[in-house]
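Numbering (the working numbering), first residue to last: 9 to 410. No residue lacks a Cβ here, since even glycine has one placed at the ideal position from N, Cα and C. All values reported here derive from a predicted model rather than from experimental measurement.
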Ligand code: GCO
Ligand code: MG
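Written out as structure tokens, the structure reads:
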């Protein structure tokens, strides 16, 4: 089999997505997601200008060699743009392999290791009471695991809270908006929020929380310690992770489990975190981490240190990545949990898919390949629109991590 053609599709059914379609001389095609929130066209151009010319004519079954060719062959390594582009190719090729062999991708990754994939949903609210109501809604929908975020008294805006009645969606069209932050206010509020959640929902529900890289290691250690009695499934992105040793400080003070990695693009970003057992869950997902070929190795390495996966699954990861993640989650041994932030109806229509949610679990479907398609005619109706994530400032105006 030979790759005859590959093309990038950009569409914006509510938010932007970059999809690579790889075609072959046998009429089989595969899809890969290359979406990088707020920097979409950089990946699209990397693919069109620099990657596609190198893969036409190649055998799509040679996923390992093509991955190495694109990674080592570029000389310049890592980074989210490069790794998302490589992932788009890699995932499309695994989709082709599955379709050519007539089997779901999970069978190529080891076969089923579990019946279903435990997912967590996002509950949020402008204050504690509204957040609690949203947790109740998730429980009614069957979720067994819920991430809880709420507005913080004393600051106008914060991460993870829906504006108005709609769902929370971080990217916005136009130039970046500005959000406000105060660690002091947050640290006073978060333990009280979880006390209320446990009081109302009991011990059984898995609870998660995202600090979104806003604390210093010692502040995160304080939060982890104060949350200990509420038995969180995890505390996510407690601090920025460029300094991997920062997590050692957190670990020395608290048994609250730690998840990190949604902004990582290589296992090398997590090398010290994993081998020193400073984290419990790795969030780097298929699209930003270089595809199945890279993630399989990263997950196997993590497994040796009792680190499990907890893949990023926000709406900026397209249904192609959701499908890919679900195949991966189904097959690997050290799966932990999968994030689920459902796409809007327009997006689901542009990307018809087999995966589904039932009783707090997700299932990838059993058709050949990834089980997700791209309706190109419909996609063409939604033109790309520049969008950005917000930036964040402390109350005195200092720019800080969003
Ligand atoms: C999460 C994430 C997202 C990110 C978004 C950025 O845990 O789901 O933190 O909400 O902010 O994916 O593009
Ligand atoms: Mg996060």
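Requested in this report: Could you tell me the boundaries of the beta strand (DSSP E) in which residue 367 lies?
Outcome: On the chain shown, residue 367 is found 359 positions in, with the first residue counted as 1. Taken as a continuous stretch (DSSP letters only), residue 367 belongs to no beta strand (DSSP E), as it is neither H nor E.
Report task. With DSSP as the reference, label residue 398 as helix, strand or coil. Result -> Here the question's residue 398 lines up with position 390 in the chain shown. Note: residue 398 maps to coil in three-state DSSP.
Query raised in the report: Where in the region 178 to 209 do unbroken runs of the alpha helix (DSSP H), each at least 4 residues long, occur, reported from the N-terminal end onward?
Result: 191 to 209
Requested in this report: Tell me, please, which residues DSSP counts as bridged to residue 307.
Outcome: Taking the first residue of the chain shown as position 1, residue 307 is located at position 299. BP columns for residue 307 are empty, so no partner.
Query - residue 173 versus residue 228 - alpha carbon distance - result: Counting from 1 along the chain shown, the entry for residue 173 is found at position 165. Counting from 1 along the chain shown, the entry for residue 228 is found at position 220. Approximately 31 Å, taken between the alpha carbons.
Requested in this report: Pull up the CB-CB distance for residue 56 and residue 104, whole angstroms please, since I reckon it's below 8 Å.
Outcome: Translated into the one-based positions of the chain shown, residue 56 becomes position 48. Translated into the one-based positions of the chain shown, residue 104 becomes position 96. Residue 56 to residue 104, Cβ: 19 Å. No contact.
Query - Boundaries (first-last residue) of the alpha helix (DSSP H) holding residue 230 - result: As a working note, residue 230 is residue 222 in the chain shown. Counting along the chain, the alpha helix (DSSP H) containing residue 230 begins and ends at 225 to 235.
Query raised in the report: In or out: residue 260 buried (at least 16 other Cβ within 10 Å) or exposed?
Result: Stepping through the chain shown from its first residue, residue 260 is reached at position 252. Exposed: under 16 other Cβ atoms inside 10 Å.
Query raised in the report: Under 7 Å, do residue 370 and residue 334 count as touching if we go by C-beta distance?
Result: Walking along the chain shown from the start, residue 370 turns up at place 362. Walking along the chain shown from the start, residue 334 turns up at place 326. Yes, Cβ-Cβ distance for residue 370 and residue 334 is below 7 Å.
Query raised in the report: Do residue 289 and residue 216 come within 7 Å of each other at the CB atom, strictly closer than that value?
Result: By one-based count along the chain shown, residue 216 stands at place 208. By one-based count along the chain shown, residue 289 stands at place 281. In this structure, residue 289 does not lie closer than 7 Å to residue 216 by Cβ.
Query raised in the report: Measuring CB to CB, does residue 245 end up less than 7 Å from residue 268?
Result: As a working note, residue 245 is residue 237 in the chain shown. As a working note, residue 268 is residue 260 in the chain shown. Yes.
Query raised in the report: Near residue 222, which residues of its chain fall below 6 Å by C-beta distance, leaving aside the five closest residues on each side in sequence?
Result: Counting from one through the chain shown, the residue named residue 222 turns up at place 214. Counting only Cβ-Cβ distances below 6 Å, and skipping sequence neighbours, we find 409.
Query raised in the report: Between the Cα of residue 214 and the Cα atoms of 197, 139, 225, 126, which residue gives the shortest distance?
Result: Mapped onto the chain shown, residue 214 falls at position 206. Looking at 197, 139, 225, 126, the one whose alpha-carbon comes closest to that of residue 214 is 126.
Requested in this report: On a CA-only basis, which of 313, 324, 365, 35 is nearest residue 178? Give me that one, please.
Outcome: For the purposes of this step, residue 178 is identified with residue 170 of the chain shown, where counting begins at 1. Answer by Cα proximity: 324.
Report task. Give the single residue among 396, 136, 400, 176 whose Cα lies nearest to the Cα of residue 1. Result -> One cannot answer for residue 1 here, as it falls past the ends of the chain, which runs 9 to 410.
Query - Expected contact under 8 Å - CB spacing of residue 35 and residue 100 to nearest Å - result: Numbered from 1 along the chain shown, position 27 holds the residue referred to as residue 35. Numbered from 1 along the chain shown, position 92 holds the residue referred to as residue 100. Contact flag wrong, Cβ pair sits at about 15 Å.
Report task. Give a single yes or no on whether residue 218 has its beta carbon closer than 6 Å to a heavy atom of the ligand MG. Result -> Within the chain shown, residue 218 is the residue found at index 210, counting from 1. It does: the Cβ of residue 218 is within 6 Å (strictly closer) of some heavy atom of the ligand MG.
Query raised in the report: Okay, do the region 384 to 399 and the region 185 to 193 touch, 3+ Cβ pairs below 8 Å being the bar?
Result: yes
Query raised in the report: What is the DSSP secondary structure of residue 255, counted as helix, strand or coil?
Result: Position 247 of the chain shown, counting from 1, holds the residue named residue 255. If DSSP states are grouped into helix, strand and coil, residue 255 belongs with the helices.
Query raised in the report: From this set, 327, 356, 317, 366, which residue's C-alpha is nearest residue 345's C-alpha?
Result: Along the chain shown, one-based indexing puts residue 345 at 337. Per the Cα distances, 317.
Requested in this report: Classify residue 92 as buried or exposed, calling it buried when 16 or more other Cβ atoms lie within 10 Å of its own Cβ.
Outcome: Reading the chain shown from its first residue, position 84 is the one you call residue 92. It is buried - the Cβ of residue 92 has at least 16 other Cβ atoms within 10 Å.
Query raised in the report: Are residue 339 and residue 117 close, meaning C-beta to C-beta below 7 Å?
Result: Translated into positions along the chain shown, residue 339 becomes position 331. Translated into positions along the chain shown, residue 117 becomes position 109. Going by C-beta atoms, residue 339 is nearer than 7 Å to residue 117.
Query raised in the report: DSSP beta-bridge partners for residue 361?
Result: Counted from its first residue, the chain shown places residue 361 at position 353. Residue 361 pairs with 380.
Query raised in the report: Would you say residue 236 and residue 264 are within 7 Å of each other, going by their C-beta atoms?
Result: Sequence index remark: in the chain shown, residue 236 carries index 228 (1-based). Sequence index remark: in the chain shown, residue 264 carries index 256 (1-based). In contact: residue 236 and residue 264 (Cβ atoms closer than 7 Å).
Requested in this report: Can you give me the Cβ contacts of residue 461 inside the same chain, cut-off strictly under 7 Å, excluding the 5 residues immediately before and after it?
Outcome: The question about residue 461 has no answer, for the chain in this structure spans 9 to 410.
Report task. Out of 189, 382, 331, state which residue places its alpha-carbon closest to the alpha-carbon of residue 5. Result -> In this structure the chain extends from 9 to 410, so residue 5 is not present and cannot be described.
Requested in this report: Specify, as a first and last residue, the run of the beta strand (DSSP E) that residue 216 falls within.
Outcome: Position 208 of the chain shown, counted from the first residue, corresponds to residue 216. Its beta strand (DSSP E) spans residues 214 to 218.
Query raised in the report: What do you get for residue 292, buried or exposed, if any count of 16 or more other CB atoms within 10 angstroms of its CB means buried?
Result: Here residue 292 refers to the residue found at position 284 of the chain shown. Counting the other CB atoms within 10 Å of its CB gives residue 292 a total of 16 or more, which places it among the buried residues.
Query raised in the report: Between residue 115 and the ligand GTP, is the CB less than 6 Å from at least one heavy atom?
Result: Looking at this structure, you won't find the ligand GTP anywhere; what it does contain is the ligand GCO and the ligand MG.
Query raised in the report: Is the beta carbon of residue 45 within less than 6 Å of some heavy atom of the ligand GCO?
Result: As a position in the chain shown, residue 45 is number 37, starting the count at 1. For the ligand GCO, at least one heavy atom lies less than 6 Å from the Cβ of residue 45.
Query raised in the report: Within the present structure, is the beta-carbon of residue 131 separated from the nearest heavy atom of the ligand GCO by less than 6 Å?
Result: In the chain shown, residue 131 corresponds to position 123, counting from 1. No, the Cβ of residue 131 stays beyond 6 Å of every heavy atom of the ligand GCO.
Query raised in the report: According to DSSP, is residue 47 helix, strand or coil?
Result: Looking up residue 47 in the chain shown gives position 39. Secondary structure at residue 47: coil, using DSSP grouped into helix, strand and coil.
Query raised in the report: So, using beta-carbon positions, are residue 225 and residue 191 closer together than 7 Å?
Result: To locate residue 225, count along the chain shown from 1; it is residue 217. To locate residue 191, count along the chain shown from 1; it is residue 183. Contact: no.
Query raised in the report: When you compare each of 361, 208, 307, 144 to residue 337 by their alpha carbons, which one comes out closest?
Result: The sequence position of residue 337 within the chain shown is 329, counting from 1. When each option's Cα is compared against that of residue 337, the closest is 307.
Report task. Can you have a look at residue 14 and say buried or exposed, based on whether 16 or more other CB atoms are within 10 angstroms of its CB? Result -> Position 6 of the chain shown, counting from 1, holds the residue named residue 14. Buried, by the Cβ-count rule.
**Report entry** Whole-angstrom C-beta distance between residue 90 and residue 52, which should lie under 8 Å
**Finding:** Mapped onto the chain shown, residue 52 falls at position 44. Mapped onto the chain shown, residue 90 falls at position 82. Going by Cβ atoms, the distance from residue 52 to residue 90 rounds to 13 Å, so no, they are not a contact pair.
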